[in-house]
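The structure appears below as structure tokens.
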Ligand SMILES: CC(C)(COP(=O)(O)OP(=O)(O)OC[C@H]1O[C@@H](n2cnc3c(N)ncnc32)[C@H](O)[C@@H]1OP(=O)(O)O)[C@@H](O)C(=O)NCCC(=O)NCCS
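Numbering (this note's numbering), first residue to last: 6 to 284.
Here it is, written out as structure tokens:
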């Protein structure tokens, strides 16, 4: 008899405990704010565009070349500009895209290039006004890790090997620190000295903008946490780019497709790797 009563009591206790657990979960769920993709995308794009404008140089000089850097949020790029940029991707990697994605690769690529929240840097030869390449990026949660994702780095062939890519990446790699720590993460840039020649009204407008953006940065950090590093996708067959990224400290991300060794010893490579650089 007693044994049965004990069992009933135990079951009652369990059921009470379960209900309590449910209540706790339910209360927790009620407090959890669902991830607002649109709000995140807008916030990261505005912050990123500002940080890129402030911290990348306006021009880069390589030998007798002067390259202008024009920073634009994706929403402000025209249809014909996308076509120009797509042409550069086609010249550089069209064959590889055709091989891996088939005939519709251009429409897929265009869709990706127009993705909401992207920030572009167009690279222009100041002498000829020709677009010589571009760089595009976005803050994303990739596999739950917040990182600055490099969507494209593309230079026309005659402009490669001049360390333009290396210099762009050096500035790109400062972005996680600039979001996590703030302007002091940029050792390169004497923010105040540069403003010496400006008139006072302009100086005060810039100071207001910087403090507004500093608030946005803090808000972003509070809402989404720290940026872990930089990430990108590279074709396995793009040996030059792979060497370039490896030299900059990139390693294969845990969630990257991997080489597979078959039983006959042959190694099958995936079409692409996802690389990560913890910064
Ligand atoms: C990949 C790319 C962005 C590199 O930029 P870049 O300005 O040409 O590169 P840099 O001059 O800064 O060179 C940096 C490193 O890249 C590698 N690299 C550059 N040119 C190379 C070449 N012709 N062959 C092999 N490796 C090369 C080297 O490791 C080099 O370092 P090193 O000079 O100390 O040996 C550029 O070549 C490019 O736009 N290529 C075509 C598009 C592309 O493949 N984009 C990458 C998509 S994921």
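We put the beta carbon where it would ideally sit given N, CA and C, even for glycine.
For residue 284 against residue 170, the beta-carbon gap comes to about 17 Å, at or over 8 Å, which does not count as contact. In chain order, 136 place their CB closer than 7 Å to the CB of residue 89, counting only its own chain and leaving out the 5 sequence neighbours on each side. In this structure, residue 157 sits away from residue 71, with a CB-CB distance that is not shorter than 8 Å. For ligand 1, no non-hydrogen atom lies closer than 7 Å to the CB of residue 131. Per DSSP, the continuous alpha helix (DSSP H) segment holding residue 221 begins and ends at 205-229.
Contact between the stretch 45-55 and the stretch 143-151 is present, with at least three C-beta pairs closer than 8 Å. The Cβ-Cβ distance between residue 275 and residue 241 falls below 8 Å.
Under the DSSP definition of a beta bridge, residue 66 partners with 71. Among the bridge pairs identified by DSSP, residue 142 is matched with 124, 155.
CA-to-CA, the gap between residue 62 and residue 109 works out to about 36 Å. In the three-state DSSP reduction, residue 169 falls in the helix class (H, G or I).
By the Cβ neighbour-count rule, residue 278 is buried, with 16 or more other Cβ atoms within 10 Å of its own.
The count of Cβ pairs closer than 8 Å, one atom from the stretch 122-129 and one from the stretch 69-83, reaches three, so the stretches are in contact.
A straight-line Cα-Cα distance of about 18 Å links residue 190 and residue 212.
Straight-line measurement puts the Cα of residue 175 at about 20 Å from the Cα of residue 231. Ligand 1 has no heavy atom closer than 7 Å to the beta-carbon of residue 190. Collapsing the DSSP output to three states places residue 274 in coil. At the C-beta level, residue 222 and residue 184 come within 8 Å of one another. Under DSSP, residue 236 takes part in a beta bridge, and its partners are 154, 281. Residue 76 is bridged by DSSP to 126.
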